[in-house]
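Below is one structure, written out as structure tokens; comments come after it.
Chains as they are written, first to last, in this note's numbering: chain A, 362 to 500; chain B, 4 to 542.
Printed below as a string of structure tokens:
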């Protein structure tokens, strides 16, 4: 905190290159249907990118640790929100005996309906869109 | 106190521009106070309109559609324009720098900006009213809020904007508490009102952005047809409730924590006794702020969320009772063997203890899933949150106003009238809302403009007492402003209740434009009634 940290240009360039690479990863991975993991992978890549920006471009790594605490707190609250909400969406309807409302949420992004259907290993599957969320049954 | 004692923040500098562009936290606080009270009256008027309609079954006063508008606006105005901004914005602004011995808040310009952002957001809310109102209820639940033709957009936009004012005020207060305390004023010597404002500010900056995101998502769905909450577009309507309550449950603590702070100041001063369990109260503030983030799903027990999450939410909800109970018992033990004087602020504080406890305990009822399935969306819920919000927050706010009125404005109100009004508020409040518990238990649903014959007696009783409540609050506030108009001045050096915190001992009433003529030196803790004798001095 007492001294202003000067980051070498090299570091900036490496981080910039990593960000571009990770952007590529985001686009590439979106074409692979990983089922429920789609969102997890997308968020993971986005979190890594945001952290790189915060730590290096915004100097959080060398800054007062109070600011880091604030940043981590915001991540923690976000984590609480997502985790507890998933307790609802992942188990919605699980005690309902009527199979029609058993799984009331469409957990797949509409985007994947436009892609040729593949299983988790990327192999094409010729199945109609009604059974998308039962990926594991297609092996 | 020196020769320029006549100079205070109210009369120096002069002129309209000196008010509109002021950076003085006390003036900004006063502007929040005036606007907050205007909205309080507006919201209260809407409440009385509702009670008039409900005095008898049938639509004999207003139509169903008007009723929908009235209860939505009552809720939205009271919560977003009065309760959330009023205590931190008005009392917090006026008192926080004084209590930590600072000249001002950490970022005075940001403070003024917060006030204007709040005013700008309030304009949207006012536009909503003029343009025909909004009928979704203050929660703006989807799917109705994405389809309603009423003014959902201007109202949510207004709330979105006011949210930023909350965030900036919170940020300002946190920086002030961390950086502006005078030497020697360590964390455990801070007045508990400061702790309460600190906890509130933490919730404001961590929760309010989620409200902003929710409002943006709502508008994205309305305008661009992006499927977030609408199942037809691949969304989930219950997800809206998760988003909304992830902000709005912590917002309950934004509303109640400052009230706890006020009570923690009033009770030791008017009992002339050291506060019992200082650290317990301080830490219970922080733990309430944290636990408040984990319990939002108890508003959604009938929404169709998974049974698993209902059990989790119900279980965690009970934990809120622990730190809250710690506070209640600490306040009661503070009064034990103290020299309790029944001044107007103390009467409000005592009312608070009764009313808030009822509100809190009925919250335990509602936290139990099985019972909530029956009580959800009935008058039981209405009565419960009014006992917390009005019986708790607003009663504490009135107590705080009466407590710091001579300090903030250098004038003393008529104490007899104030005491009568405090009784009127207590009786009127219980008369209005206690029957609503019974109505709810018997199955009267909320948000209906009419009802079946069996509920007539309790509803008309509630309406009668709401009139007493309305009149008492109106006279109580007029009594305060009358003292200001009549210039019933107190001696600038007076300390009418014998308070020990810096705002009572080290500055004049009303305070100097720069708060203290010289940097105050801390001589004792905020509640050291066992060590130091502070005289009650009053003209």
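Idealized CB from N, CA, C, for every residue including glycine. Small disclaimer: the values here were computed from a predicted structure and weren't measured.
Inset, instruction - Report the residue ranges of all alpha helix (DSSP H) runs contained in full by the stretch 12-80 of chain B; include only those spanning at least 4 residues, in chain order. - result: Qualifying alpha helix (DSSP H) stretches, in chain order: 19-23, 28-57, 67-79.
Inset, instruction - Using the Cα positions of residue 227 (chain B) and residue 408 (chain B), report the straight-line distance between them to the nearest angstrom. - result: Rounded to whole angstroms, the separation of the alpha carbons of residue 408 (chain B) and residue 227 (chain B) is 50 Å.
Inset, instruction - Output the boundary residues of the alpha helix (DSSP H) element that contains residue 508 (chain B). - result: Note, residue 508 (chain B): alpha helix (DSSP H), 505-508.
Legend entry - residue 365 (chain B) in three-state terms, based on DSSP: DSSP places residue 365 (chain B) in helix when its eight states are reduced to three.
Inset, instruction - For residue 498 (chain B), name the three-state secondary structure that DSSP assigns. - result: In the structure shown, residue 498 (chain B) adopts extended strand secondary structure according to DSSP, grouped into three states.
Inset, instruction - In angstroms with no decimal places, state the Cα-to-Cα distance between residue 528 (chain B) and residue 182 (chain B). - result: Rounded to whole angstroms, residue 528 (chain B) to residue 182 (chain B) spans 19 Å at the Cα level.
Inset, instruction - Work out the CA separation of residue 308 (chain B) and residue 417 (chain A) for me, nearest whole Å. - result: Roughly 40 Å separates the two Cα atoms.
Inset, instruction - Given a cut-off of 9 Å, decide if residue 297 (chain B) and residue 202 (chain B) are closer than it, judged by their beta-carbon atoms. - result: The answer is no: Cβ separation not under 9 Å.
Legend entry - the stretch 305-316 of chain B: positions lying closer than 7 Å to chain A by Cβ: Only 308, 309, 310, 311, 312, 315 from the stretch 305-316 of chain B bring a Cβ to less than 7 Å from some Cβ of chain A.
Inset, instruction - Measure the alpha-carbon distance for residue 369 (chain B) versus residue 396 (chain B) and round it to whole angstroms. - result: Roughly 20 Å separates the two Cα atoms.
Inset, instruction - Can you have a look at residue 342 (chain B) and say buried or exposed, based on whether 16 or more other CB atoms are within 10 angstroms of its CB? - result: Exposed.
Inset, instruction - Would you mind telling me which residues of chain A sit closer than 8 Å to residue 297 (chain B), beta carbon to beta carbon, in chain order? - result: Residues of chain A passing the Cβ test: 441, 445.
Legend entry - Span of the alpha helix (DSSP H), counted from its first residue to its last, around residue 232 (chain B): Secondary structure note for residue 232 (chain B): it is in no alpha helix (DSSP H), with a DSSP letter that is neither H nor E.
Legend entry - Chain-ordered chain A contacts of residue 375 (chain B) [CB-CB under 9 Å]: None at all; the shortest Cβ gap to chain A is about 16 Å.
Legend entry - Residue span of the alpha helix (DSSP H) that contains residue 268 (chain B), given as start and end: Going by DSSP, residue 268 (chain B) is part of the alpha helix (DSSP H) stretching over 240-274.
Inset, instruction - Determine whether the Cβ of residue 532 (chain B) lies closer than 9 Å to any Cβ atom of chain A. - result: By the rule that beta-carbons nearer than 9 Å mark a contact, residue 532 (chain B) does not touch chain A.
Legend entry - Cβ distance (whole Å) where residue 540 (chain B) is taken to contact residue 482 (chain B) below 8 Å: Rounded to whole angstroms, the Cβ separation of residue 540 (chain B) and residue 482 (chain B) is 23 Å, and the two are not in contact under 8 Å.
Legend entry - Local Cβ density within 10 Å of residue 247 (chain B), reported as buried at 16 or more and exposed below that: When all chains shown are included, residue 247 (chain B) counts as buried.
Legend entry - chain B residues whose Cβ lies nearer than 8 Å to that of residue 435 (chain A): The contacting residues are 209.
Inset, instruction - Identify the contact partners of residue 456 (chain A) in chain D, using a Cβ-Cβ distance below 9 Å as the criterion. - result: The structure shown contains no chain D; its protein chains are A and B.
Legend entry - Simplified DSSP assignment, three categories, for residue 320 (chain B): In the structure shown, residue 320 (chain B) sits in a helix (DSSP, three-state: H, G or I).
Legend entry - residue 300 (chain B): first and last residue of the uninterrupted alpha helix (DSSP H) it sits in: Neither: residue 300 (chain B) is in no alpha helix (DSSP H) and is coded neither H nor E.
Legend entry - Contacts that residue 448 (chain A) makes with chain B (C-beta to C-beta distance below 8 Å): Identification of chain B residues near residue 448 (chain A) by a Cβ-Cβ cut-off of 8 Å yields 309, 311, 312, 315, ordered along the chain.
Legend entry - Cβ neighbour criterion (16 or more within 10 Å) applied to residue 557 (chain B): Outside the shown range of chain B (4 to 542) lies residue 557 (chain B), about which nothing can therefore be said.
Inset, instruction - With 9 Å as the threshold, decide whether the Cβ of residue 371 (chain A) is near any Cβ in chain B. - result: No, residue 371 (chain A) does not count as interfacial toward chain B.
Inset, instruction - Could you check the C-alpha separation between residue 382 (chain B) and residue 221 (chain B) for me, to the nearest Å? - result: Whole-angstrom Cα-Cα distance: 28 Å.
Inset, instruction - Sort A:391, A:397, A:419, A:420 by Cα distance to residue 406 (chain A) and report the nearest one. - result: Comparing alpha-carbon positions, the option among A:391, A:397, A:419, A:420 lying closest to residue 406 (chain A) turns out to be A:391.
Legend entry - Any chain A beta carbon closer than 9 Å to residue 239 (chain B): Judged by the 9 Å Cβ criterion, residue 239 (chain B) is in contact with chain A.
Inset, instruction - Pull out every residue of the stretch 154-169 of chain B whose Cβ sits closer than 9 Å to any Cβ of chain A, in chain order. - result: Taken residue by residue, none of the stretch 154-169 of chain B has a beta-carbon sitting less than 9 Å from a beta-carbon on chain A.
Legend entry - Segments assigned beta strand (DSSP E), at least 3 residues, entirely inside the stretch 401-451 of chain A: Listed in chain order, there is nothing to give.
Legend entry - Proximity test, Cβ basis, 9 Å: residue 176 (chain B) and chain A: Not an interface residue.
Legend entry - Start and end residues, alpha helix (DSSP H) containing residue 386 (chain A): Residues 370-391.
Inset, instruction - Determine which residues of the stretch 465-482 of chain B have a Cβ less than 9 Å from any Cβ of chain A, and write them out in chain order. - result: Along the stretch 465-482 of chain B, none of the residues has a CB nearer than 9 Å to a CB of chain A.
Inset, instruction - Report the three-state DSSP secondary structure of residue 154 (chain B) (helix, strand or coil). - result: Of the three classes helix, strand and coil, the one that applies to residue 154 (chain B) here is coil, per DSSP.
Inset, instruction - Alpha carbon to alpha carbon, how far is residue 292 (chain B) from residue 206 (chain B)? Give it in angstroms, no decimals. - result: Distance between the alpha carbons of residue 206 (chain B) and residue 292 (chain B): 6 Å.
Inset, instruction - Since I believe residue 416 (chain B) is in contact with residue 512 (chain B) (beta carbons under 8 Å), could you give me their beta-carbon distance rounded to a whole number of angstroms? - result: In fact, because the Cβ distance is near 13 Å, the residues do not count as touching under 8 Å.
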